[in-house]
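Participant: Quick one: structure below, then a few questions.
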Amino acid sequence: MEGLLADLVRLAEIPSVAFPGYPEEPVRAAHDLLVELLRGIGVEHSERIDLPGTAPVIFAEIPPPDPAAPTVLLYSHYDVQPAGDERLWRSPPFEPTPIEGGLRGRGIADDENYANGAAAVRDRADE
Numbered sequence: 034m035e036g037l038l039a040d041l042v043r044l045a046e047i048p049s050v051a052f053p054g055y056p057e058e059p060v061r062a063a064h065d066l067l068v069e070l071l072r073g074i075g076v077e078h079s080e081r082i083d084l085p086g087t088a089p090v091i092f093a094e095i096p097p098p099d100p101a102a103p104t105v106l107l108y109s110h111y112d113v114q115p116a117g118d119e120r121l122w123r124s125p126p127f128e129p130t131p132i133e134g135g136l137r138g139r140g141i142a143d144d145e146n147y148a149n150g151a152a153a154v155r156d157r158a159d160e
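In terms of the working numbering, the numbers along the sequence shown are unbroken and rise by one, the last being 160.
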């Protein structure tokens with residue numbers, strides 16, 4: 034598995050549940066991976082903003098090649114909801130699994146796919 038799909042799998046494997054009572058380390062690991070993925074698509078500047086009671090915020094920007102170019106703002110979250118009773122899942126929630134022509138795992142259809150969206154925007158911005 035290569036490229037954007039591999040990046041999505043890496044992110045979905047992290048149980049980044051940002052709720053009281055859940056460990057904070059996976060959320061920080063998801064933050065660090067997203068910063069790494071953003072750097073991989075050419076984001077040179079990013080800042081970590083710590084706010085009480087929430088996952089660390091990532092502020093990142095790609096300067097436009099032309100200062101007159103329009104601004105594109107992407108806003109999202111990268112934490113996930115608790116998986117609940119894992120016995121009710123068809124596959125383990127934090128083990129992305131190919132199923133029915135797609136990929137199943139916690140957060141995959143939600144904003145954990147954000148990094149792929151950002152990469153796609155970056156790739157298209159050069160066109």
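Here a beta-carbon is modelled for each residue, glycine too, at the ideal position from N, C-alpha and C.
With DSSP run on the structure shown, which of helix, strand or coil describes Pro97?
Facilitator: Taking the sequence shown and counting its residues from 1, the one referred to as residue 97 is at position 64. Of the three classes helix, strand and coil, the one that applies to Pro97 here is coil, per DSSP.
Participant: Is it true that the region 90-102 meets the region 64-72, where meeting means three or more beta-carbon pairs spaced less than 8 Å apart?
Facilitator: The region 90-102 is in contact with the region 64-72.
Participant: Hey, could you find the ends of the alpha helix (DSSP H) Glu69 is sitting in?
Facilitator: Indexing the sequence shown from 1 puts residue 69 at position 36. Start and end: 58-73.
Participant: Inspect the CB distances between the region 50-57 and the region 69-84 and report whether three or more fall short of 8 Å.
Facilitator: Short answer: they don't touch.
Participant: Can Leu41 and Pro129 be called in contact, C-beta distance under 9 Å?
Facilitator: By 1-based counting over the sequence shown, the position of residue 41 is 8. By 1-based counting over the sequence shown, the position of residue 129 is 96. For Leu41 and Pro129, yes; Cβs fall inside 9 Å.
Participant: Can Val68 and Val113 be called in contact, C-beta distance under 9 Å?
Facilitator: Locating residue 68 in the sequence shown gives position 35, counting from the first residue. Locating residue 113 in the sequence shown gives position 80, counting from the first residue. Not a contact, by the Cβ cut-off of 9 Å.
Participant: By how many angstroms is the C-alpha of Glu94 removed from the C-alpha of Glu119?
Facilitator: Counting from 1 along the sequence shown, the entry for residue 119 is found at position 86. Counting from 1 along the sequence shown, the entry for residue 94 is found at position 61. Those two C-alpha atoms are separated by around 37 Å.
Participant: Assuming Ala45 and Ile141 make a contact with CB atoms under 8 Å, what is their CB distance in whole Å?
Facilitator: Against the sequence shown, residue 45 aligns to sequence position 12. Against the sequence shown, residue 141 aligns to sequence position 108. Confirmed, Cβ separation roughly 5 Å.
Participant: Starting from Arg43 and walking both ways along the alpha helix (DSSP H), at which residues does that stretch end?
Facilitator: Translated into the one-based positions of the sequence shown, residue 43 becomes position 10. Start and end: 36-45.
Participant: Can you give me the C-alpha to C-alpha distance between Gly117 and Pro103, rounded to a whole angstrom?
Facilitator: If you number the sequence shown from 1, residue 117 lands on position 84. If you number the sequence shown from 1, residue 103 lands on position 70. Roughly 42 Å separates the two Cα atoms.
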